[in-house]
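Q: In my numbering, the protein residues as written are 21 to 423. Please read through the structure below; I'll follow up with questions.
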Ligand SMILES: NC(=O)c1ccc[n+]([C@@H]2O[C@H](COP(=O)([O-])OP(=O)(O)OC[C@H]3O[C@@H](n4cnc5c(N)ncnc54)[C@H](OP(=O)(O)O)[C@@H]3O)[C@@H](O)[C@H]2O)c1
């Protein structure tokens, strides 16, 4: 029986609130706090109706303001903060957790607003302070990062003596019926996918032009889809935590239509994060673009099709070369029926809730800052299916696609 504070009332926040409320014996009291309190109230009304959990509360907070966060944490006194607002707020929320002695969990690594750059260095720098305080920070507990790290840890523990090649393959074969929309926060999403590509090979990072490398990847239950090599944050922690890895890459599907929209957005300057003066005001084009694009939280209703995300691994077991594929497919419609959120929010919110459960029941514990793959994958994967994300594995499959 624990109190939990969820910060961020977007698509992912909706799923986390809903999933926590389905487990009242663990999450006995839930507070959902965000910049806009009415969004929390709306989610809470839906979740109370669908789950019957009667101890849900809404609050307003600016998660970039440490004193406000500290005051809110002290007034509610949770055991854990689940941060599913934006990556810009990772450090302020970690600061507030340190000041109040409360555990922390997030799904995306810190990004400074003024530079589209994401890396773990800022959050890993909190290691000693979290250790000294005797509290735990769990980083990147969504799907990717998150389940992809746990899939890799499971492969390392149960299937390989050494992992040599890791390809994370991420397909969204869903259709929301809009000409162009992003599946999570448009500002964060566009910053991520317009960056240069990057992958790890033989101890070095190799940079490519954005979307310069693509391959057809065959996704289970979906079929072949053009997949583009992009940089993704879990590559940084996985290559550090599994030093036998010789090459690690991340692939994501984009349709031609999507890439054309993206090119136009970039070419006309709307993806820029440099402020411009407009009618006497300083505005950031990408922030303005977010305001006119569909809200990812509203995409669920007409979303059909599935996501498929997994890890394709090659390495050595008992002196023999072995290939292995582990994945989950998630239906947008099923996610919406259960939580009124689409599949991308669902695949992020379910692992965050499950990670929180394991932290609260003591199956995942420790003092300091952890990436998910550093923890025991077994209790997580035992429950992931019953929490709504069934997973599958296959050995000795044809998984090779060379750069
Ligand atoms: N690991 C993964 O697999 C994965 C996948 C997808 C997304 N994510 C991460 O999940 C997080 C949430 O994504 P989402 O799609 O739910 O985004 P979203 O729909 O844009 O929701 C973000 C929420 O954060 C709130 N927020 C923003 N700034 C705030 C502040 N200063 N103080 C308090 N609240 C603030 C917003 O409040 P207002 O609406 O009131 O402005 C909004 O409700 C993001 O960090 C994203 O990177 C991870």
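All C-beta atoms in this analysis are idealised placements derived from N, C-alpha and C, irrespective of residue type, glycine included. Note that the structure is a prediction, hence the values are computed from the model and not measured.
Quickly, what does DSSP pair residue 158 with across the bridge? List them, please.
A: For the purposes of this step, residue 158 is taken as the residue at position 138 of the chain shown. The partner list for residue 158 (beta bridge, DSSP) reads 125, 390.
Q: With respect to 7 Å, is the separation between the Cβ of residue 55 and the closest non-hydrogen atom of ligand 1 below this value?
A: As a first step, residue 55 is located in the chain shown; it is residue number 35 there, counting from the start. True, at least one ligand heavy atom lies under 7 Å from that Cβ.
Q: Counting only the same chain and skipping the five closest in sequence on each side, list residues whose C-beta sits under 6 Å from that of residue 28.
A: For this step, residue 28 is matched to residue 8 along the chain shown. Counting only Cβ-Cβ distances below 6 Å, and skipping sequence neighbours, we find 54, 104, 105.
Q: Alpha carbons only, please: which of 410, 362, 329 is nearest the one belonging to residue 169?
A: Position 149 of the chain shown holds residue 169. It is 329.
Q: May I have the straight-line CA-CA distance separating residue 204 from residue 339, to the nearest angstrom?
A: Here residue 204 refers to the residue found at position 184 when the chain shown is read from its first residue. Here residue 339 refers to the residue found at position 319 when the chain shown is read from its first residue. Their Cα atoms are separated by approximately 43 Å.
Q: Got a sec? Which residues, its chain only, sit under 6 Å from residue 267 by beta carbon, not counting five neighbours each side?
A: Stepping through the chain shown from its first residue, residue 267 is reached at position 247. These residues qualify, in order along the chain: 185, 221.
Q: Do three or more CB pairs link the stretch 342–361 to the stretch 85–104 at distances below 8 Å?
A: No contact exists between the stretch 342–361 and the stretch 85–104.
Q: Any idea what DSSP makes of residue 94, helix, strand or coil?
A: Here residue 94 corresponds to residue number 74 of the chain shown, with the count starting at 1. In this structure, residue 94 counts as helix in the three-state DSSP scheme.
Q: When burial is assigned at 16 or more other CB atoms within 10 Å of the CB, is residue 391 buried or exposed?
A: Here residue 391 refers to the residue found at position 371 when the chain shown is read from its first residue. Under this definition residue 391 is a buried residue.
Q: Within the present structure, is the beta-carbon of residue 237 separated from the nearest heavy atom of ligand 1 by less than 7 Å?
A: Residue mapping note: residue 237 aligns to position 217 of the chain shown, counting from 1. Every heavy atom of ligand 1 is 7 Å or more from the Cβ of residue 237, so no.
Q: Would you kindly work out how many angstroms separate the C-alpha atoms of residue 244 and residue 275, rounded to a whole number?
A: Working through the chain shown from its first residue, we reach residue 244 at position 224. Working through the chain shown from its first residue, we reach residue 275 at position 255. When rounded, the distance between both Cα atoms is 12 Å.
Q: Is residue 368 close to ligand 1? I mean its beta-carbon at under 7 Å from any heavy atom of the ligand.
A: What you label residue 368 is simply residue 348 of the chain shown in a count that begins at 1. At least one heavy atom of ligand 1 is nearer than 7 Å to the Cβ of residue 368, so yes.
Q: Below 8 Å on the Cβ atoms is my guess for residue 380 versus residue 100; work out the distance and round it to an integer in Å.
A: For the purposes of this step, residue 380 is identified with residue 360 of the chain shown, where counting begins at 1. For the purposes of this step, residue 100 is identified with residue 80 of the chain shown, where counting begins at 1. Between residue 100 and residue 380 the Cβ distance is about 6 Å, and since that is below 8 Å, they are a contact.
Q: Excluding the 5 residues flanking residue 138 on each side, which residues of the same chain have their C-beta closer than 6 Å to its C-beta?
A: Start at 1 with the first residue of the chain shown, and residue 138 comes out as number 118. 129, 131, 253, listed in sequence order.
Q: For a test of the three-state rule: what should DSSP assign to residue 406, helix, strand or coil?
A: If you number the chain shown from 1, residue 406 lands on position 386. Three-state DSSP puts residue 406 in coil, outside helix and strand.
Q: Are the CB atoms of residue 314 and residue 201 within a distance shorter than 8 Å?
A: Within the chain shown, residue 201 is the residue found at index 181, counting from 1. Within the chain shown, residue 314 is the residue found at index 294, counting from 1. Yes.
Q: Is it true that the CB of residue 90 sits closer than 8 Å to the CB of residue 119?
A: The count along the chain shown starts at 1 and reaches residue 119 at position 99. The count along the chain shown starts at 1 and reaches residue 90 at position 70. Yes; because the gap between Cβ atoms is below 8 Å, this pair is in contact.
Q: State yes or no: is the C-beta of residue 324 within less than 8 Å of the C-beta of residue 162?
A: As a position in the chain shown, residue 324 is number 304, starting the count at 1. As a position in the chain shown, residue 162 is number 142, starting the count at 1. Not closer than 8 Å, so no.
Q: To the nearest angstrom, how far is it from the Cα of residue 319 to the Cα of residue 364?
A: The count along the chain shown starts at 1 and reaches residue 319 at position 299. The count along the chain shown starts at 1 and reaches residue 364 at position 344. Looking at the two C-alpha atoms, the distance is approximately 10 Å.
Q: Is residue 31 helix, strand or coil when you go by DSSP?
A: As a position in the chain shown, residue 31 is number 11, starting the count at 1. The answer is helix: DSSP assigns residue 31 an H, G or I state.
Q: In this structure, how does DSSP classify residue 244 when only helix, strand and coil are distinguished?
A: Residue numbering aside, residue 244 sits at position 224 when the chain shown is read from its first letter. Strand at residue 244.
Q: Below 8 Å on the Cβ atoms is my contact criterion, and I expect residue 159 with residue 143 to pass it. Report the Cβ-Cβ distance as a whole number of Å.
A: Within the chain shown, the letter at position 139 stands for residue 159. Within the chain shown, the letter at position 123 stands for residue 143. Going by Cβ atoms, the distance from residue 159 to residue 143 rounds to 6 Å, so yes, they are a contact pair.
Q: Between the stretch 295–310 and the stretch 233–242, can you find at least three pairs of beta-carbon atoms closer than 8 Å?
A: Output reads no: the stretch 295–310 does not touch the stretch 233–242.
Q: Rounded to the nearest angstrom, what separates residue 44 and residue 50 at their Cα positions?
A: On the chain shown, position 24 is the one that residue 44 refers to. On the chain shown, position 30 is the one that residue 50 refers to. C-alpha separation (whole angstroms): 9 Å.
Q: Please state whether DSSP places residue 52 in a helix, a strand or coil.
A: In the chain shown, the residue the question calls residue 52 occupies position 32. If DSSP states are grouped into helix, strand and coil, residue 52 belongs with the strands.
Q: Assuming residue 41 contacts residue 81 under a Cβ cut-off of 8 Å, what Cβ separation, rounded to an integer in Å, is found between them?
A: By 1-based counting over the chain shown, the position of residue 41 is 21. By 1-based counting over the chain shown, the position of residue 81 is 61. Not confirmed; about 20 Å, so no contact.
Q: Go through the stretch 302–372 residue by residue and report every complete run of the alpha helix (DSSP H) that reaches 4 residues or more, in order.
A: Correct list: 305–312, 352–359.
Q: Any idea if residue 110 is buried or exposed, counting beta-carbon neighbours within 10 angstroms, 16 or more meaning buried?
A: For the purposes of this step, residue 110 is taken as the residue at position 90 of the chain shown. Residue 110 should be labelled buried.
Q: Ends of the beta strand (DSSP E) at residue 217?
A: Along the chain shown, one-based indexing puts residue 217 at 197. Counting along the chain, the beta strand (DSSP E) containing residue 217 begins and ends at 217–221.
Q: Nearest CA to the CA of residue 411: which residue from 349, 400, 371?
A: The residue labelled residue 411 in the question sits at position 391 within the chain shown. Residue 349 is the option with its Cα nearest to residue 411.
Q: With hydrogens ignored, establish whether the beta-carbon of residue 29 is closer than 7 Å to any heavy atom of ligand 1.
A: On the chain shown, position 9 is the one that residue 29 refers to. Because some heavy atom of ligand 1 lies under 7 Å away, the Cβ of residue 29 counts as near it: yes.
Q: Is residue 127 near ligand 1, in the sense that its beta carbon is under 7 Å from a heavy atom of that ligand?
A: For the purposes of this step, residue 127 is identified with residue 107 of the chain shown, where counting begins at 1. Residue 127: yes, Cβ under 7 Å from ligand 1.
Q: Measuring alpha carbon to alpha carbon, tell me which residue in 394, 397, 389 is nearest residue 154.
A: What you label residue 154 is simply residue 134 of the chain shown in a count that begins at 1. Among 394, 397, 389, the Cα nearest to that of residue 154 belongs to 389.
Q: Take residue 215 and list the residues in its own chain whose beta-carbon comes closer than 7 Å to its own, dropping the five residues that flank it on each side.
A: Stepping through the chain shown from its first residue, residue 215 is reached at position 195. Around residue 215: 136, 230, 251.
Q: Any heavy atom of ligand 1 closer than 7 Å to the Cβ of residue 1?
A: Only positions 21 to 423 of the chain appear in the structure, and residue 1 is not among them; the question remains open.
Q: Checking the sheet assignment: what are the DSSP bridge partners for residue 297?
A: Taking the chain shown and counting its residues from 1, one reaches residue 297 at position 277. Per DSSP, 302.
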